[in-house]
Each structure stands twice: as structure tokens, then as C-alpha cells.
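Working notes for the structure below.
Residue numbers (the working numbering): 1109 to 1458.
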């Protein structure tokens, strides 16, 4: 099958570090066009691509089949809508949209025009999450009663000259890192009954939210999701507790992002592997026997996301990251802000 002719709407961090290397390494895609307003660095890295100055040129090009909307958050809805109306399939960088209303409109438009629409939830293919899901799916801790997830960093300064640090709609850590974490929670548990959230700004001079503490309630299960830019000594990334035992991962973040920053080739030998020191620990009872051991981390593979996008576009296969799931992430984010504002839990069934 012919490679999918693909355009990137920007070549910032997400374009240069994530999307372009993954698309270039995947035989099912051809990067034909990249939007850069003033520079030509994409052309330096991918000599066969065409650098244009405006997204209008992408939408007007009938040869482009897939558009990666990886622009600032507040532009996602407008640009994804325009791409669909121009007959393109669309991958939207997280967050999917800024509001649920926008998400609903976008989903309806994609259905009307029969276009593939998905969100770049690459963290589903983090090695530690893949391993956690294996433990979860196999029931190795018994009936799950609590899950706690952290995505912490230590960045005690406000990064200059970036839209992500400027106050405005769709900005802040919950839209940024929270989009990944809440997507993972939805994969494991589905939509919760209610959410109780606290978030705000901890860094001196900060203009956007840089921490959150979310409590999501399910029948018989408590879920805790936390993130902060002021955690220098990090604890476990994931803790899964059940009626038979526990599974706890290390603090190490999946190595794929760093490998991409170092210009390593996705899918190359050793890609996404974690050292034994970073493997999670299982302490449980299985079939009446006490089991206490490390569980080898499944190698992470962000190319799996684009494997699925290719299959959806070329073969009509089902999306793994469904737009409705991306919409539900935004529903949880909106509810979290409302919960923080009211200082009480929000019932998601209302």
C-alpha cells in the first residue's frame, strides 16, 4: 500500500521530537509538508519534504491525506475542523480540544465527512504503562481497590518564550500532562462516578497551573492522579493495590522521549527497553502461592500509535485511540476545574 502523504502544522518540540521522527521511521507514512513560519529546519532534517509558511497551503493541497494538528491548544479545534472539511484525516496532538463542546463538534464533523480522527495519546505505549496493564488485565493483584499514578518533574523556574507558560484558555499542567494520565485511567477503568480535584500554581512567578491532585471514584476503586513541577525526589510512577497484593513501578520515565531528543531511530535495536533496576515489583498471592518478584518492563513503542493510524486510514480498521475517548479526557479536565472552583466533588453522571 502507498505511504500516507502527511503534513505537520508546526515544527516545534512535538513536531521535531515526536511526530516527524516517528512518521519518518514508519514505512506507511511520507512527510510531504511541514509548516514553519520563518525557519526551514524541517527541510534540513527531511530533505524531501516541502516547507510552507501557512496552514492554508496544507488545507489547499489535494495530495495531502493526513494532517497532524500539533499547534497551540487553543487552535486545535479550528485547524482540525478545517482539515476535515478539506478532506484530510486528522491526528490531533493532546489535548484533543479545549472544551467538550468543541470535541463533540469535531467528532460529529469527522463522522459526517467519513474521515479518521484521533488524538496523539502516545503514552499508552509507554513501557511501564504497558506492563502495568498486563498486570491489571491478568488480575495478578486480585480485585483492584486502589490505583495511584504520578507524573512529576522538577522545574522550579518558569520557562521563557513559550506559549505553554502564558495564562489563557487550555493552558497549564492539567491540559498538558493530565491529558496523558487521564487517558491512561480511562483505558484501565472507564469513566468514573465523580472527581474531586485541587490544582493551582506553586512556582514563583508562575502564570499557569503547575500541580494537580485528582481523586476519581469508581465502584469499589479509588484512583489518585497527581502531578507537580516541584518534585525533586520522585516516588513510584504507578501503584496498583488489590485484594491479593500490589504492583509498584519505579520512578523512571519511559526512555523513548529522551531517545527521540537524542535523534535515535524509533524501532532500532533496544528501543524503549528499561534496565532491570527500573522494573516494577509485584508482591501478591497467585493460586494460593506468595509471589514476590520484579516484572520485566515491556519495551515501549510509540510507533504502535502510527501502526494503528495507518491501519485505520488504509484498511478501515478500528482506532485504538477513539475520538470519543479523547473527548472524555476533556470532560474530566473540565470537571476537575469545576471541582477545584467549588471545592467539592463533581458527579459525572449528572
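Backbone N, C-alpha and C define an ideal beta-carbon position, used for all residues, glycine too.
Per the DSSP calculation, residue 1322 is bridged to which residue(s)?
Against the chain shown, residue 1322 aligns to sequence position 214. Residue 1322 is bridged to 1305, 1333.
Where DSSP assigns a beta bridge to residue 1113, which residues make up the other side?
Within the chain shown, the letter at position 5 stands for residue 1113. Residue 1113 pairs with 1138.
Under 6 Å Cβ to Cβ from residue 1200, same chain only, skipping five residues before and after it: list those, please.
Walking along the chain shown from the start, residue 1200 turns up at place 92. If we look at residue 1200 and ignore the five residues flanking it on each side, its Cβ neighbours are 1177, 1184, 1188, 1227.
Return the Cβ separation of residue 1078 and residue 1172 in integer angstroms, given the expectation that the two are a contact with Cβ distance under 8 Å.
Beyond the ends of the chain as shown, which are 1109 and 1458, falls residue 1078; an answer cannot be given.
Report yes if the CB atom of residue 1333 is closer than 8 Å to the CB atom of residue 1290, and no otherwise.
As a first step, residue 1333 must be located in the chain shown, where it is residue number 225. As a first step, residue 1290 must be located in the chain shown, where it is residue number 182. Their beta carbons are under 8 Å apart, which means residue 1333 touches residue 1290 by this criterion.
What residues are listed by DSSP as bridge partners for residue 1254?
Translated into positions along the chain shown, residue 1254 becomes position 146. DSSP output for residue 1254 lists 1330, 1349 as bridge partner(s).
Delimiting residues of the alpha helix (DSSP H) encompassing residue 1448:
For the purposes of this step, residue 1448 is identified with residue 340 of the chain shown, where counting begins at 1. Residues 1431–1450.
Terminal residues of the beta strand (DSSP E) in which residue 1201 lies:
Within the chain shown, numbered from 1, the residue matching residue 1201 stands at position 93. Its beta strand (DSSP E) spans residues 1197–1201.
Helix, strand or coil for residue 1386, going by three-state DSSP, please let me know.
Walking along the chain shown from the start, residue 1386 turns up at place 278. The answer is helix: DSSP assigns residue 1386 an H, G or I state.
Using the beta-carbon count (16 or more within 10 Å), is residue 1262 buried or exposed?
Here residue 1262 refers to the residue found at position 154 when the chain shown is read from its first residue. Residue 1262 should be labelled exposed.
Local Cβ density within 10 Å of residue 1434, reported as buried at 16 or more and exposed below that
Position 326 of the chain shown holds residue 1434. Buried: at least 16 other Cβ atoms inside 10 Å.
Take residue 1423 and list the residues in its own chain whose beta-carbon comes closer than 6 Å to its own, dropping the five residues that flank it on each side.
On the chain shown, position 315 is the one that residue 1423 refers to. So the list is empty, once near-sequence residues are dropped.
Short check: CB of residue 1408 to CB of residue 1234, under 8 Å?
Looking up residue 1408 in the chain shown gives position 300. Looking up residue 1234 in the chain shown gives position 126. For residue 1408 and residue 1234, yes; Cβs fall inside 8 Å.
Among the candidates 1311, 1236, 1294, whose CA atom is the shortest distance from the CA of residue 1273?
Here residue 1273 is taken as the residue at index 165 of the chain shown, counted from 1. Nearest of 1311, 1236, 1294 to residue 1273, Cα basis: 1311.
In whole angstroms, give me the CA-to-CA distance for residue 1402 and residue 1364.
Along the chain shown, read from residue 1 onward, the residue named residue 1402 stands at position 294. Along the chain shown, read from residue 1 onward, the residue named residue 1364 stands at position 256. The alpha-carbon atoms of residue 1402 and residue 1364 are separated by roughly 21 Å.
Ignore the nearest five residues each way along the sequence and tell me which others in residue 1457's own chain have a CB closer than 7 Å to its CB.
Taking the first residue of the chain shown as position 1, residue 1457 is located at position 349. Correct list, in chain order: 1301.
When DSSP labels each residue in this structure, what does residue 1406 get in the three-state scheme?
Within the chain shown, numbered from 1, the residue matching residue 1406 stands at position 298. Coil.
Suppose the cutoff is 8 Å on Cβ atoms and the five residues either side in sequence are ignored; what does the same chain contact list for residue 1303 look like?
Your numbering for residue 1303 matches position 195 in the chain shown. Here the set comprises 1322, 1323, 1324, 1325, 1440, 1443, 1444, 1447, 1453, 1454, 1456.
Do you know how far the Cα of residue 1174 is from the Cα of residue 1074?
An answer regarding residue 1074 cannot be provided, because it is not within the stretch 1109 to 1458 covered by the chain.
Exposed unless 16 or more other CB atoms sit within 10 angstroms - verdict on residue 1431
By 1-based counting over the chain shown, the position of residue 1431 is 323. Buried, since its Cβ has 16 or more Cβ neighbours within 10 Å.
Check whether the stretch 1157–1172 touches the stretch 1137–1145, taking contact to mean three or more Cβ pairs, one atom from each stretch, closer than 8 Å.
yes
At what residue ranges does the stretch 1214–1299 contain a whole run of the alpha helix (DSSP H), taking only runs of 4 or more?
1235–1245, 1281–1297
With a threshold of 7 Å, establish whether the CB of residue 1312 neighbours any heavy atom of the ligand COA.
The ligand COA is not among the ligands present in this structure, which contains no ligands whatsoever.
Residue 1144 (DSSP reduced to helix, strand or coil):
Along the chain shown, read from residue 1 onward, the residue named residue 1144 stands at position 36. Three-state DSSP puts residue 1144 in coil, outside helix and strand.
To the nearest angstrom, how far is it from the Cα of residue 1118 to the Cα of residue 1148?
Here residue 1118 corresponds to residue number 10 of the chain shown, with the count starting at 1. Here residue 1148 corresponds to residue number 40 of the chain shown, with the count starting at 1. Cα-Cα distance, rounded: 11 Å.
Those residues which DSSP pairs with residue 1398 across a bridge
Position 290 of the chain shown, counting from 1, holds the residue named residue 1398. Partner(s): 1393.
Beta-carbon separation of residue 1353 and residue 1392 under 8 Å?
If you number the chain shown from 1, residue 1353 lands on position 245. If you number the chain shown from 1, residue 1392 lands on position 284. Yes, they are a contact pair.
Three-state class that DSSP yields for residue 1360 in the structure shown:
Taking the first residue of the chain shown as position 1, residue 1360 is located at position 252. Coil.
Candidates 1294, 1330, 1413, of which the one nearest residue 1252 by Cα
Counted from its first residue, the chain shown places residue 1252 at position 144. Residue 1330 is the option with its Cα nearest to residue 1252.
Where does the unbroken beta strand (DSSP E) through residue 1174 begin, and where does it stop?
If you number the chain shown from 1, residue 1174 lands on position 66. Taken as a continuous stretch (DSSP letters only), the beta strand (DSSP E) holding residue 1174 covers 1174–1177.
For residue 1260, which residues in the same chain have their Cβ closer than 7 Å to its Cβ, ignoring the five residues on either side in sequence?
Taking the chain shown and counting its residues from 1, one reaches residue 1260 at position 152. Taken in chain order, the residues that qualify are 1335, 1336, 1339, 1342.
Note down, in chain order, each residue of its chain lying with its Cβ closer than 6 Å to the Cβ of residue 1437, except the 5 sequence neighbours on either side.
The sequence position of residue 1437 within the chain shown is 329, counting from 1. Contacts found: 1287, 1290, 1291.
Assign residue 1457 to one of three DSSP states: helix, strand, or coil.
Within the chain shown, numbered from 1, the residue matching residue 1457 stands at position 349. Looking at residue 1457 - three-state DSSP - the assignment turns out to be coil, as it is neither helix nor strand.
Determine the direct distance from the alpha carbon of residue 1249 to that of residue 1348, and round the result to whole angstroms.
Walking along the chain shown from the start, residue 1348 turns up at place 240. Walking along the chain shown from the start, residue 1249 turns up at place 141. Going from the Cα of residue 1348 to the Cα of residue 1249 covers about 8 Å.
Can you name, in chain order, every residue of its own chain whose Cβ lies under 7 Å from the Cβ of residue 1208, other than the five neighbours on each side?
Taking the chain shown and counting its residues from 1, one reaches residue 1208 at position 100. Excluding sequence neighbours, residue 1208 sits near 1435, 1438, 1439, 1442.
Let me know if residue 1426 comes out buried or exposed under the rule of 16 or more other beta-carbons within 10 Å of its beta-carbon.
Your numbering for residue 1426 matches position 318 in the chain shown. Classification for residue 1426: exposed.
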